[in-house]
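J.: Going by my numbering, 43 is the number at position 63 of the sequence shown; the sequence numbering is gapless.
We treat Cβ as the ideally placed atom computed from N, Cα and C, and that holds for glycine.
Just so it is clear, the structure is predicted and the values come from calculations on it, not from any experiment.
One structure, pasted below without further comment.
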Amino acid sequence: MIIKSMAGEFDISIEGFEMEGRHLVMVGRMGVWDARTYITGAELLTVLGKLFKPSVLVGLITLPFHRATAEPKPQAEESND
């Protein structure tokens, strides 16, 4: 995944989730840094509420079909020098 912001673009990877007290913790990396994102129950409900908008649900449902019909990306030629 990529985060695009005014500070630039950062790769983000999610390695897993943990519970820490009353927080859901998303464990991963952002760029070269280890990252732990702490999410409260209320924040999780807010995110889920935004995720379940009809336009987003349609996009998620059709995503596998877009991927299956996408043209393959050309691969770079390897040099044997």
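May I have the straight-line CA-CA distance separating ASP23 from LEU31, to the nearest angstrom?
T.: Note that residue 23 corresponds to Glu in the displayed sequence, not to Asp. About 12 Å.
J.: Taking C-alpha atoms, which residue in ILE(-8), MET6 and ASP(-9) lies nearest to GLU(-2)?
T.: It is MET6.
J.: Nearest-angstrom Cα distance between ILE41 and PRO34?
T.: If you take the alpha carbons of ILE41 and PRO34, they lie about 10 Å apart.
J.: Going by DSSP in three states, GLY29 sits in which element: helix, strand or coil?
T.: In this structure, GLY29 counts as helix in the three-state DSSP scheme.
J.: Flag SER(-7) as yes when its Cβ comes closer than 7 Å to any non-hydrogen atom of the ligand COA, and as no otherwise.
T.: Only the bare structure without any ligand can be found here, which leaves the ligand COA out of the picture.
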